[in-house]
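Trainee: Sharing a structure, written as structure tokens. Questions coming.
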Amino acid sequence: MDRAEHPPFEALELRLGYTFRDRTLGQTALTHTSWLNEATAPDRTDNERLEFLGDAVLALVVSDLLMRRLPDGAEGDLTRARAALVSEGGLARAAIALDLGRWIFLGRGEERTGGRARPSILANALEALMGAVYLDGGLEQAVGVASRLFAVEVADVEQHALLDYKSRLQERAQALLQTAPIYQVVAETGPDHDKRFEVALLLLGREWGRAIGRSKKEAEQSAAAMALDGLDRERA
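Just so we're aligned, residue 273 is where the sequence shown starts under the numbering used here, counting upward by one.
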């Protein structure tokens, strides 16, 4: 690892509360495909396979955490809470709290265009890291890391279960801008049984959020959360 550009990997392990037995797994989880396109590293692979695994691991471990937190919770409430936590926006926020962007291997082009702070890159890296923890230490360790990453959100899960970013944005946009948000599906990827929808959110012709989700509704909620954050920052 280039220590001139990346902090020591041990510092990330300390933040995670987990020490890898095989650090190459952690390194792979942090390797964006843009870095491989520019580097000479025949023994390295990108993090996309670990991201695929981590997506499933997070769905399981977060579901388990929520079941424990809401033992009498209805399926709909649990589903909405999980969607808030493991959406691109939720994962990106957890990655930012972890300061994960500092450890990601990025190509120069992605670096120049702010890739370390891009929600999609951060969310994918966090998913990949969870996949790596699962492979390295098993399900119990993955649950432990997730418990620490989402401690605040899970503790406040009743609020997340009722959270509706789209409704809040609708009200805020009408009050501040006298307009309604427009959601546009800009891309669909993946096979029919595992599609991903990319949605852009526009207010008065300006893009305020862009997110990817397993459904259009999930992507719209994440984009609305980003837009709300943007409106709050502009008014601060």
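Glycine included, each C-beta is placed from N, C-alpha and C at the ideal position.
Please give the ranges of any alpha helix (DSSP H) in the segment 298-324, keeping only runs that are unbroken, at least 4 residues long and fully inside the region.
Mentor: Counting whole runs of 4 or more residues, the segment 298-324 contains the alpha helix (DSSP H) stretches 305-310.
Trainee: Output needed for G416: all residues of its chain with C-beta closer than 8 Å, excluding positions within five of it in sequence on either side, in chain order.
Mentor: Here residue 416 refers to the residue found at position 144 when the sequence shown is read from its first residue. So the qualifying residues of the chain are G289 and Y290.
Trainee: Which runs of the beta strand (DSSP E), 3 residues or longer, sit entirely within the segment 437-507?
Mentor: Complete beta strand (DSSP E) runs here, min 3: 454-461, 468-475 and 478-485.
Trainee: Classify F377 as helix, strand or coil using the three-state DSSP reduction.
Mentor: Against the sequence shown, residue 377 aligns to sequence position 105. Reduced to three states, the DSSP call for F377 is strand.
Trainee: How would you call E506, buried or exposed, if buried means at least 16 neighbouring beta carbons within 10 angstroms?
Mentor: Counting from one through the sequence shown, the residue named residue 506 turns up at place 234. It is exposed - the Cβ of E506 has fewer than 16 other Cβ atoms within 10 Å.
Trainee: Please determine, among L474, A445 and L448, the residue with the shortest C-alpha to C-alpha distance to V458.
Mentor: Working through the sequence shown from its first residue, we reach residue 458 at position 186. Checked all of L474, A445 and L448; the closest Cα to V458 is L474.
Trainee: Please tell me whether, using a cut-off of 7 Å, the distance from the CB of E310 to the nearest non-hydrogen atom of the ligand HEM is below it.
Mentor: The model on display carries no ligand, and the ligand HEM is accordingly not part of it.
Trainee: Whole angstroms are fine: how far does the CA of A397 sit from the CA of P314?
Mentor: On the sequence shown, position 42 is the one that residue 314 refers to. On the sequence shown, position 125 is the one that residue 397 refers to. Looking at the two C-alpha atoms, the distance is approximately 21 Å.
Trainee: Could you compute how far the alpha carbon of R295 sits from the alpha carbon of V405?
Mentor: In the sequence shown, counting from the first residue as 1, residue 295 sits at position 23. In the sequence shown, counting from the first residue as 1, residue 405 sits at position 133. Distance between the alpha carbons of R295 and V405 is about 10 Å.
Trainee: Pick helix, strand or coil for A346, following the three-state DSSP scheme.
Mentor: Locating residue 346 in the sequence shown gives position 74, counting from the first residue. Three-state DSSP puts A346 in coil, outside helix and strand.
Trainee: Can you name, in chain order, every residue of its own chain whose Cβ lies under 6 Å from the Cβ of A364, other than the five neighbours on each side?
Mentor: Within the sequence shown, numbered from 1, the residue matching residue 364 stands at position 92. Taken in chain order, the residues that qualify are P391, L394 and A395.
Trainee: Look at the Cβ atom of L350, then the Cβ atom of L338, and state whether they are nearer than 8 Å.
Mentor: What you label residue 350 is simply residue 78 of the sequence shown in a count that begins at 1. What you label residue 338 is simply residue 66 of the sequence shown in a count that begins at 1. Taking 8 Å as the Cβ cut-off, L350 and L338 qualify as a contacting pair.
Trainee: On the three-state DSSP scale, how would you describe T385?
Mentor: If you number the sequence shown from 1, residue 385 lands on position 113. Looking at T385 - three-state DSSP - the assignment turns out to be coil, as it is neither helix nor strand.
Trainee: Report all residues from its chain with a CB closer than 8 Å to the CB of G502; omit the five preceding and five following residues, and keep chain order.
Mentor: In the sequence shown, residue 502 corresponds to position 230, counting from 1. Once the five neighbours on either side are set aside, the close Cβ partners of G502 are W480 and G481.
Trainee: Hey, would you say L407 sits closer than 8 Å to L449, going by beta carbons?
Mentor: The count along the sequence shown starts at 1 and reaches residue 407 at position 135. The count along the sequence shown starts at 1 and reaches residue 449 at position 177. No, these two residues do not count as a Cβ contact at 8 Å.
Trainee: So, at 6 Å on beta carbons, what are the nonlocal neighbours of G298 in its own chain, with the 5 sequence-adjacent residues on each side left out?
Mentor: Within the sequence shown, numbered from 1, the residue matching residue 298 stands at position 26. Here the set comprises F292 and A404.
Trainee: Please state whether DSSP places S392 in a helix, a strand or coil.
Mentor: As a working note, residue 392 is residue 120 in the sequence shown. Helix.
Trainee: Closer than 7 Å by C-beta to E492: which residues in its own chain qualify, once you throw out the five before and the five after it? Chain order, please.
Mentor: As a working note, residue 492 is residue 220 in the sequence shown. Counting only Cβ-Cβ distances below 7 Å, and skipping sequence neighbours, we find K438, Y455 and V471.
Trainee: In terms of alpha-carbon separation, which member of A414, I484, E460 and K467 lies closest to A331?
Mentor: Counting from one through the sequence shown, the residue named residue 331 turns up at place 59. The shortest C-alpha separation from A331 is found at A414.
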